[in-house]
Amino acid sequence: MKEYKVILLMDMDAFFASCHEAIDPKLKEKPLVVCSPNSRAIITTSNYKARSIGIKSGMPYFKAKKLSNNLNIATPDYQLYSNFSSKIFELLIDEYTPKVEVASIDECYIDATNIWHKYGSIKKLCLDIQRKIYKEFKLTCSIGASYTRFFAKMAVSFNKPNGVKIIKGDDYKKEIWQLDIEKMFMIGPSTAVKLREINIKTIGDLACSNVKDLEKVLGVRGRNLYNCANGISSDVVLAESSQNKSISNEFTLDVESNQFEELKNYIYFLCKRVHNRLERRFLMFKNVSVLLATRNRNGEFIRSKSIVNKSMQRTLNDYSDQFNTLLNQAYNIFEEFFDNQSIYKIGIGVKDLISKKNYTYQSTLDSINQVSKNHNQELESLKKNINLFYKKDVLYFGDNMPRESFKQTKYIFNEETHLSNKQIKKSKK
Ligand SMILES: [Mg+2]
Numbered sequence: 001m002k003e004y005k006v007i008l009l010m011d012m013d014a015f016f017a018s019c020h021e022a023i024d025p026k027l028k029e030k031p032l033v034v035c036s037p038n039s040r041a042i043i044t045t046s047n048y049k050a051r052s053i054g055i056k057s058g059m060p061y062f063k064a065k066k067l068s069n070n071l072n073i074a075t076p077d078y079q080l081y082s083n084f085s086s087k088i089f090e091l092l093i094d095e096y097t098p099k100v101e102v103a104s105i106d107e108c109y110i111d112a113t114n115i116w117h118k119y120g121s122i123k124k125l126c127l128d129i130q131r132k133i134y135k136e137f138k139l140t141c142s143i144g145a146s147y148t149r150f151f152a153k154m155a156v157s158f159n160k161p162n163g164v165k166i167i168k169g170d171d172y173k174k175e176i177w178q179l180d181i182e183k184m185f186m187i188g189p190s191t192a193v194k195l196r197e198i199n200i201k202t203i204g205d206l207a208c209s210n211v212k213d214l215e216k217v218l219g220v221r222g223r224n225l226y227n228c229a230n231g232i233s234s235d236v237v238l239a240e241s242s243q244n245k246s247i248s249n250e251f252t253l254d255v256e257s258n259q260f261e262e263l264k265n266y267i268y269f270l271c272k273r274v275h276n277r278l279e280r281r282f283l284m285f286k287n288v289s290v291l292l293a294t295r296n297r298n299g300e301f302i303r304s305k306s307i308v309n310k311s312m313q314r315t316l317n318d319y320s321d322q323f324n325t326l327l328n329q330a331y332n333i334f335e336e337f338f339d340n341q342s343i344y345k346i347g348i349g350v351k352d353l354i355s356k357k358n359y360t361y362q363s364t365l366d367s368i369n370q371v372s373k374n375h376n377q378e379l380e381s382l383k384k385n386i387n388l389f390y391k392k393d394v395l396y397f398g399d400n401m402p403r404e405s406f407k408q409t410k411y412i413f414n415e416e417t418h419l420s421n422k423q424i425k426k427s428k429k
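Numbering (my numbering) for the sequence shown: 1 to 429.
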């Protein structure tokens, strides 16, 4: 018999708005919207007070003002969100399990198969997670639990905010199948129109339809959706693994943007995430890439080939583990390719990865000059101190280099000579 996994999808409630409330609780008292402070701005997120009177993401600010004359407004602060986000994911990894897959700034999958027993039940584990996150950050989240990623994702919206929903066994037939087809994760308005044309109005209609008909309308995706709706879909949580050859994070904007500074803020957040993941796995990177996804003229989402595939990446001269190197490369690429187009998804990736312990620093003439000019004295005293500490010469430089005991393959001789391996071998004889 197949062993079922326990997959959780944790989703923060009204995340951007809640972050502002967490650092300024006064904001909770009134409807709050997150958007730029101008009358033409579009609302990024609203708190639940605002939602209860019909103020939602994507709505222009001036419309929201008509619905409430008592509105609080918070300017988007991506550094704030990114800080909360990283800390929340770290808490999950540290306190519960490393099997956490970050899906977006405020959402992650957790494979709880091997840990839920400790809490007595899946429900109790979910409540424990909610309690800890609230205690630590004053933020609420909702959790969906099931045996596939798809059901967990569907379950999470059942009891928002601060809710837990578990879908077990055949529950999905009565819980999920009754939902409107547009409520199905992965189905947008245009796919819904196509499905309604073949008389599929609910998720149940799709689950019980003929898969061949779905394939005619949606291609391979049709079969995938059919499987998901019938409980046959992935239960794999891709936890951070050092096997990965690349690391990337993407972020889909709630509302498309062509605002240079706002997009740069997203890049900052994504670089933070990518860098955190590199740090956790002791990795260095050599190649940086940026993804900017836009819509085409018909309003369909595209990844512009000319942009993505060509040169939106840079390879460095040497491996780096520095956040600023990553960020500056990403900014440079973005600044070169951004042309005021409306972006709906943005991503940062690194590849050519190497473990820090396998990395040996390659000195270049530039770096040697730099060292000798700026740090010669510091270097000398450091060398002296190290030798003093060991009460013998363990570090040799230049003229003091002993001829008989070469350990290094390369070394600096009188600041300019560079001995080859052959010469070193010779001198050993
Ligand atoms: Mg959320």
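Virtual Cβ for every residue (Gly too), placed ideally from N, Cα, C. On a predicted model such as this, the values are computed, not experimentally measured, just so you know.
Count the other CB atoms within 10 Å of the CB of residue i; is the residue buried (16 or more) or exposed (fewer)?
i      : result
GLY189 : This sequence places Pro at residue 189; Gly is not what is there. That one is exposed.
LEU92  : buried
PHE16  : buried
MET12  : buried
THR44  : buried
ILE267 : buried
ILE333 : buried
LYS310 : Confidence at LYS310 is low in this model, with a pLDDT of 38, below 50, so the placement of that residue should be treated as unreliable; the coordinate-derived value is given next. LYS310 should be labelled exposed.
SER355 : exposed
LEU395 : exposed
VAL220 : exposed
ARG273 : buried
Taking residue i as the reference, give the member of the options with the closest Cα.
i      : options                           : result
LEU32  : LEU9, ASP24 and ASN47             : ASN47
GLN178 : ALA207, ALA239, TYR266 and THR148 : ALA207
THR148 : VAL211, VAL156 and SER342         : VAL156
ASP24  : ASP13, ASN72 and ASN340           : ASN72
SER233 : VAL290, CYS126, HIS275 and MET154 : MET154
ILE343 : LYS356, ASP254, ALA330 and HIS275 : ASP254
LYS28  : ILE42, ARG51, MET10 and LEU8      : ARG51
VAL164 : GLY144, PHE389, LYS392 and LYS135 : GLY144
VAL350 : ASN114, SER246 and LEU379         : SER246
TRP116 : ALA192, ILE166, HIS275 and ASN249 : ILE166
ASN276 : ASN265, ASN249 and SER257         : ASN249
ALA330 : GLY54, VAL290, ARG131 and TYR359  : VAL290
TYR4   : GLU256, ARG273 and GLY231         : GLY231
Would you grab the beta carbon distance between residue i and residue j for me? Rounded to a whole angstrom, and I think it's under 8 angstroms.
i      : j      : result
THR97  : SER36  : Not quite, the Cβ-Cβ distance comes to about 38 angstroms (not below 8 angstroms), so this is no contact.
PHE251 : SER104 : 6 angstroms
LEU436 : PHE338 : This structure gives no information on residue 436, because the portion of the chain shown stretches from 1 to 429.
ILE110 : VAL237 : 7 angstroms
May I have the straight-line CA-CA distance separating residue i from residue j, to the nearest angstrom?
i      : j      : result
TYR319 : VAL288 : 11 angstroms
TYR226 : LEU195 : 12 angstroms
GLN313 : LYS286 : 11 angstroms
LYS432 : SER209 : For residue 432 there is no data in the structure shown, the boundaries of the chain being 1 and 429.
LEU214 : PRO161 : 34 angstroms
ASP170 : ASN324 : 50 angstroms
PRO58  : ILE42  : First, the amino acid is wrong: residue 58 is Gly here, not Pro. Going by the C-alpha atoms only, they are around 6 angstroms apart.
ILE133 : PHE260 : 33 angstroms
PHE389 : ASN317 : 35 angstroms
SER146 : TYR119 : 16 angstroms
ARG223 : VAL102 : 26 angstroms
GLU279 : LEU125 : 28 angstroms
VAL6   : LEU379 : 55 angstroms
ASP106 : THR315 : 30 angstroms
ILE307 : ASN340 : With a pLDDT of 41 at ILE307, under the threshold of 50, the predicted position of this residue should be treated as unreliable, and no value is reported.
LYS410 : ASN358 : Summary for LYS410: the model assigns pLDDT 34, below 50, so the residue's position carries little reliability; its value from the coordinates is reported in the next sentence. The alpha-carbon atoms of LYS410 and ASN358 are separated by roughly 18 angstroms.
ASP64  : PHE89  : One point to set straight first is that residue 64 is Ala, not Asp, in the sequence displayed. Near 32 angstroms, if we compare the C-alpha coordinates of PHE89 and ALA64.
Just to confirm, are residue i and residue j a CB contact at a threshold of 9 angstroms?
i      : j      : result
LYS68  : PHE269 : According to the sequence displayed, residue 68 carries Ser and not Lys. No, the Cβ-Cβ distance between SER68 and PHE269 is not below 9 angstroms.
ILE198 : VAL211 : no
LEU327 : CYS271 : yes
PHE62  : SER39  : yes
ILE348 : ALA293 : no
ALA22  : LEU139 : yes
ARG204 : LYS173 : Here the sequence assigns Gly to residue 204, which means Arg is not the residue at that position. Result yes, Cβ atoms of GLY204 and LYS173 sit closer than 9 angstroms.
LEU450 : ASP321 : In the structure displayed, the chain extends from 1 to 429; residue 450 sits before or after that span and is not available.
ALA112 : LYS123 : no
MET184 : ALA239 : no
CYS141 : LEU80  : no
ASN175 : PHE158 : The residue asked about is misnamed: residue 175 is Glu in this sequence, not Asn. Yes; because the gap between Cβ atoms is below 9 angstroms, this pair is in contact.
LEU9   : ALA152 : yes
ASN265 : TYR78  : yes
LYS87  : GLU136 : yes
LYS30  : LYS56  : no
ASP393 : ASN385 : no
Would you say the beta carbon of residue i is closer than 8 angstroms to some non-hydrogen atom of ligand 3?
i      : result
ASP321 : The model on display carries ligand 1 but not ligand 3.
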